[in-house]
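Residue numbers (my numbering), protein chains in the order written: chain C, 3 to 332; chain H, 53 to 352; chain S, 836 to 1144. Ideal Cβ placement from N, Cα and C applies to all residues, glycine included. All values derive from a computational prediction rather than experimental measurement.
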Amino acid sequence: MSKKELLNIENLAINYITDDGTVKAVNGIDIKLDKGETLGLVGETGAGKTTTALGIMRLVPNPPGKIIEGKIEFEGRDLLEVEEEEMRMIRGNKISMIFQDPMTSLNPVMTVGEQISEVIEIHQDLNRQDAMKKAEEMLELVGISKTRSNNYPHQFSGGMKQRVIIAISLACNPQLLIADEPTTALDVTIQAQVLDLMNDLKEEFHTAMILITHDLGVVSEVCDKVAIMYAGEIIESATLKQLFENPKHPYTLGLFGSIPNLEEESHRLKPIKGLMPDPTNLPTGCKFHPRCPYGTDLCSKQHPKAIEIEEGHRVKCLIYEGLVDAEVKK
Amino acid sequence: MTSSIAEKRDITSKNKNKKRSQWAEVWRRLRKNKMAMVGLGILIILIVSALSAPLIADYEDVVIKQDLINKLEEPSLEHIFGKDEFGRDIFARIIWGARVSLVVGIVAVGISVISGGTLGAVAGYYGGKLDTVIMRIMDIFLAIPSILLAIAIVSALGPSIINLMIAIGISYVPTYARIVRASVLSIREQEFIEAAKAIGASDFRIILRHIIPNALAPVIVQGTLGVAGAILSTAGLSFIGLGIQPPAPEWGAMLSTSRAYLRYAWHVTTFPGVAIMITILALNLLGDGLRDALDPRLKQ
Amino acid sequence: MHKYIFKRLLLLIPVLLGVTFIVFTIMSFTPGDPAQLILGESAPPEKVEELRAEMGLDDPFLVQYFRFVGNALRGDFGRSYRTKREVFAEIFARFPNTLILTIVAIAIAVAIGIPVGIISATKQYSLMDSISMVGALLGVSMPNFWLGLMLILAFSVGLGWLPFAGFEGASSIILPAITLGTGAAAIITRMTRSSMLEVIRQDYIRTARAKGVAEKKVVNKHALKNALIPVITVVGLQFGYLLGGAVLTETVFSWPGVGRLLVEAIKQKDTPTVLASVVFMATTFSFVNLLVDILYAYVDPRIKSQYSK
């Protein structure tokens, strides 16, 4: 393990076990992240991105969720092995999370000041007054006047609430910040502001980040590395440059094809045909094969291995194992 | 984007199946709920025995005729619940009492559903001043605890089975007015109502054909629980002498007269109460099950 | 906030007028001539006629109603047909007994219902949860007057621990209060459980956990305050039902409250007492509802800020 390495997830699998069947939400993913680095975790709704994030926090609702196997090494220790009480001291302190919907993520009956100072009180040796003072500083930092610290969440707009949540998540100066589609629920004009704020603060605190999104545009602005998720698997991971210049997996190409591009003249968008598979009944072999333009008989039988085609660029597709003959292009 | 395609698929498949299998789906979910099925089972047994009461025991001979020599006889194989203070078979009286309770309960709820539902539908559909006036009046009714309202009505009209049904029926009118109004408000603005208006459907027809069916689910749930409430009220009013009058068999009235013999004969007080409790329990189980089946979102 | 309370008090006036109007109208359907009832069957017709005029019974209905309200505001609800005593004095003497019984009953209901509901929700599907849910189901299904009789059977007749009925010292409130409070306890338990289950799934609870808040504190601080908001409404409503239910409980235990007074008055066709008792209890219920609404505003900042605008 290198000194720079912060997070190393290996073969993580998470299931939801319900009456209607077992949902295999995350199926053996690997993620590596260095200190200060930003990873974009990209995929459609239901690809398993949020479950991965909750898995790292060990907050997968149980029941029905269950971490089946794998390890999550953070600062050299497997988080799946530590005691709950110790995990609690990591949450909000060394690893913190920003959730998708700011409208519902704040407690309606507590003031925003209380909600920020609470996390400080838990993890830092400060009394109530000092914690509140620090909370007010955090508010100022995210661009909200500290005079509003005794206001309640309903007195803020969506964008302001997300700023409060950012203040909560960064209050203890975490090593790792997980942001789960932090701007999806916001107005387009607010999205950029919030994203800029997060990016600035991340730089300032030298925090590593996993940014969950379905928006490749956002990824290109913020991330150092990208992992593409499909049906609970990471089917391609690479540096930002590698992925944008030389995408390999047919699904990744499909994602690029379904974004309007102003620079290249293109007559129509090429959406990926078909639908996300039913997570209780995933296809055999390569899970993307029913929708893949290059899919063959073999693809429906053999599960592809991750192939490193270039340093830091891994892809899971039989084409790159040399088992399927096809020329993949944009 | 691909996710929007998924959403569209979801919506179209929902619409396609919605009408046809809505009730079948409710029944499927209800059947999976063991407690609700127990409730339904008990209820069916109660209804069947109430209907076949004349076959089980003769009204004049067994239920009404006194046999003072054998009064307060303890339960035995012949009289499984024992005999009451006038030597009448308690089991037979409970079975005949089921008729009274079920009829009063159902008719009273019928009265509240029809009058409350109409008021709520009119208030919700027309809105404006009419809505305000109707709902303010309902609020005032709600400010009087329903059993007190029923007591006041029966004490003014005099105790009889009809007055009892009217009193209990009226006391629950505001509940249904509120439920139906809320449902109507939530669907009034929807497109299919606009469409019906556009093709010239009358208000009456729109309310009858479109709005009432959509407000049905909450009314069914509340109605089931309401029958339970009405049976409790009936028993309560009879207990204080304002309901069914002796010697007619009614569970609350039986409890009322049994009070004097509490020290000597436990069975006279115990069994009519158990009968009420089981009936209410069955209705509550079914009502809760229906609520979960009709609105799966509410189920944890 | 003071302005809000004042506004709510003003709004209470039309409600109370409406309540008295409804009850007054219902009672006016009572058959029989009040004047005849007061003077007795054998009174000469001209005497009855005289009293009718004196009581204003020949005046239009609305005039009679407003006269009733006017008198009621001065604490004059007329005299009982039976005892000839002031109805107001009679009710006022008994009202504290009903109020004590109802308050003890609701206190029992809250003291049982809220903790059991919370435990049930946080340990969903556990044995404890199943037991309390079955208990709550039985609690809502039992007619309270029958429960009262069963309690007497067990604790007075059987074990001889507690007084049979009546009003002799502090121990005599135990059985009536349990009788009256059981149904409410069951409803409060169910409401607390479902409200808690609803709240515990909310995003802000996940946020609290993600901050590293201890699970105990997540439940007691973050979830409970939110979960109690709907429970407060139910407690307020239950208080009203208990006032109504007191009529039955007081009958079972011969408890000298307004409820039993009401039942006796109905049996004796003592309309002024019936009318006044119902108006009195409905008024109390309205005040309790007002209190609940004010409490609500204190607990829920969203409502509070609505009113301060």
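DSSP has residue i in a bridge; who is on the other side?
i: H315 of chain C; result: C:E312
i: F76 of chain C; result: C:L9 and C:R79
i: S98 of chain C; result: C:L179
i: K838 of chain S; result: Answer by DSSP bridge pairing: none, since K838 of chain S is not bridged.
i: E334 of chain C; result: No answer is possible for residue 334 of chain C: the residues shown for chain C start at 3 and end at 332.
i: S239 of chain C; result: C:A229 and C:R316
i: I214 of chain C; result: C:L43 and C:D182
i: P26 of chain C; result: Sequence inspection shows Lys at residue 26 of chain C; the Pro mentioned does not correspond to that position. Looking at the DSSP assignment, K26 of chain C forms a beta bridge with C:N17.
i: K34 of chain C; result: C:N10
i: K135 of chain H; result: H:D141
i: R914 of chain S; result: S:E921
Below 8 Å between beta carbons: does that hold for residue i and residue j?
i: A282 of chain H; j: G157 of chain H; result: yes
i: V1114 of chain S; j: V854 of chain S; result: yes
i: P270 of chain H; j: S308 of chain H; result: no
i: L197 of chain C; j: V221 of chain C; result: no
i: E12 of chain C; j: G72 of chain C; result: yes
i: L124 of chain H; j: V992 of chain S; result: no
i: L334 of chain C; j: A181 of chain C; result: The structure shown does not extend to residue 334 of chain C, since chain C spans only 3 to 332, so no value can be given for it.
i: A195 of chain H; j: F903 of chain S; result: no
i: V228 of chain C; j: S239 of chain C; result: yes
i: I189 of chain H; j: I205 of chain H; result: no
i: D136 of chain H; j: A109 of chain H; result: no
i: A287 of chain H; j: G304 of chain H; result: yes
i: G160 of chain C; j: M211 of chain C; result: no
i: S153 of chain H; j: T331 of chain H; result: yes
i: L151 of chain C; j: T113 of chain C; result: The sequence given here has Ser at residue 151 of chain C, not Leu. A contact, by the Cβ cut-off of 8 Å.
i: L43 of chain C; j: L35 of chain C; result: no
i: V858 of chain S; j: A1117 of chain S; result: yes
i: V1109 of chain S; j: S207 of chain H; result: yes
i: K336 of chain C; j: K6 of chain C; result: Lying outside 3 to 332, the shown extent of chain C, residue 336 of chain C is not represented and no answer is given.
Write down the C-beta distance between residue i and residue j rounded to the nearest angstrom, noting that I regard them as a contact closer than 8 Å.
i: T1017 of chain S; j: N979 of chain S; result: 7 Å
i: G172 of chain H; j: R230 of chain H; result: 6 Å
i: R1028 of chain S; j: S955 of chain S; result: 5 Å
i: M1026 of chain S; j: V1054 of chain S; result: About 17 Å separates the two Cβ atoms, so there is no contact after all.
i: D1128 of chain S; j: I1064 of chain S; result: 12 Å between Cβ atoms; not a contact.
i: E1085 of chain S; j: G1092 of chain S; result: 5 Å
i: I239 of chain H; j: I245 of chain H; result: 7 Å
i: I116 of chain H; j: G139 of chain H; result: Their Cβ separation, rounded to whole angstroms, is 12 Å, which puts I116 of chain H and G139 of chain H out of contact at 8 Å.
i: L108 of chain C; j: I167 of chain C; result: 7 Å
i: M217 of chain H; j: I146 of chain H; result: Not confirmed; about 21 Å, so no contact.
i: V969 of chain S; j: I1022 of chain S; result: Contact doesn't hold; Cβ gap of about 15 Å is too wide.
i: G325 of chain H; j: M985 of chain S; result: 7 Å
i: N85 of chain H; j: A280 of chain H; result: The pair is not a contact, with the Cβ atoms about 17 Å apart (cut-off 8 Å).
i: E235 of chain C; j: N29 of chain C; result: 5 Å
Using 7 Å as the cut-off, classify the Cβ of residue i as near or not near the heavy atoms of the ligand SAH, replying yes or no.
i: V883 of chain S; result: Here there are no bound small molecules, and the ligand SAH is not part of this structure.
Review point. Listed from N- to C-terminal order along the chain, which residues in the region 897-915 of chain S have their beta-carbon within a distance smaller than 9 Å of any beta-carbon of chain C?
Key: none
**Study point:** chain H contacts made by the region 958-991 of chain S, where a contact means CB separation under 9 Å
**Key:** Q959, L972, L973, V975, S976, M977, P978, N979, F980, W981, L982, L984, M985, I987, L988 and S991
Exercise for review: Give, in chain order, every residue of the region 251-267 of chain H whose Cβ lies closer than 7 Å to some Cβ of chain S.
Suggested key: none
Check your understanding: Listed from N- to C-terminal order along the chain, which residues in the region 1117-1138 of chain S have their beta-carbon within a distance smaller than 8 Å of any beta-carbon of chain H?
Key -> A1117, F1120, S1121 and N1124
Review point. Can you give, in chain order, each stretch of the alpha helix (DSSP H) that sits fully within the region 1017-1103 of chain S and has at least 4 residues?
Key: 1038-1045, 1059-1088 and 1093-1102
Check your understanding: Which residues, in chain order, does the region 98-120 of chain C contribute to contact with chain S at a C-beta distance below 7 Å?
Key -> S98, M99, F101, D103, T106, S107, L108, N109, P110, V111 and E120
Exercise for review: Output the residue ranges of the alpha helix (DSSP H) runs that lie fully inside the region 140-195 of chain H and measure 4 residues or longer, sorted by chain position.
Suggested key: 142-178 and 180-194
Check your understanding: What residues in the region 1058-1088 of chain S have a beta carbon less than 7 Å from any beta carbon of chain C?
Key -> K1060 and N1061
Exercise for review: Please name the residues in the region 859-887 of chain S whose beta-carbon is closer than 8 Å to at least one beta-carbon of chain H, in chain order.
Suggested key: I861, M862, S863, F864, T865 and P866
Check your understanding: Which of the residues in the region 1035-1046 of chain S, read from start to end, lie with their CB under 9 Å from any CB of chain C?
Key -> R1036, Q1037, D1038, Y1039, I1040, R1041, T1042, A1043, R1044, A1045 and K1046
Point to revise | chain S contacts made by the region 275-295 of chain H, where a contact means CB separation under 8 Å | key: A280, L284, A287, G288, F291, I292, G293 and L294
**Study point:** Near-chain H residues of the region 1101-1113 of chain S - C-beta to any C-beta below 7 Å
**Key:** I1101, K1102, V1109 and V1113
Exercise for review: Just list the beta strand (DSSP E) runs in the region 88-142 of chain C, keeping only unbroken ones of 3 residues or longer that don't cross its boundaries, in chain order.
Suggested key: 97-100
Practice item. Compile a chain-ordered list of the residues in the region 844-859 of chain S whose CB is closer than 7 Å to at least one CB of chain H. Key: V850, G853, V854, I857 and V858
**Study point:** alpha helix (DSSP H) runs contained entirely in the region 865-889 of chain S, provided each spans 4 or more residues
**Key:** 869-874
Exercise for review: Would you mind listing the beta strand (DSSP E) stretches within the region 88-127 of chain H that are 3+ residues and don't spill past its ends, in chain order?
Suggested key: none
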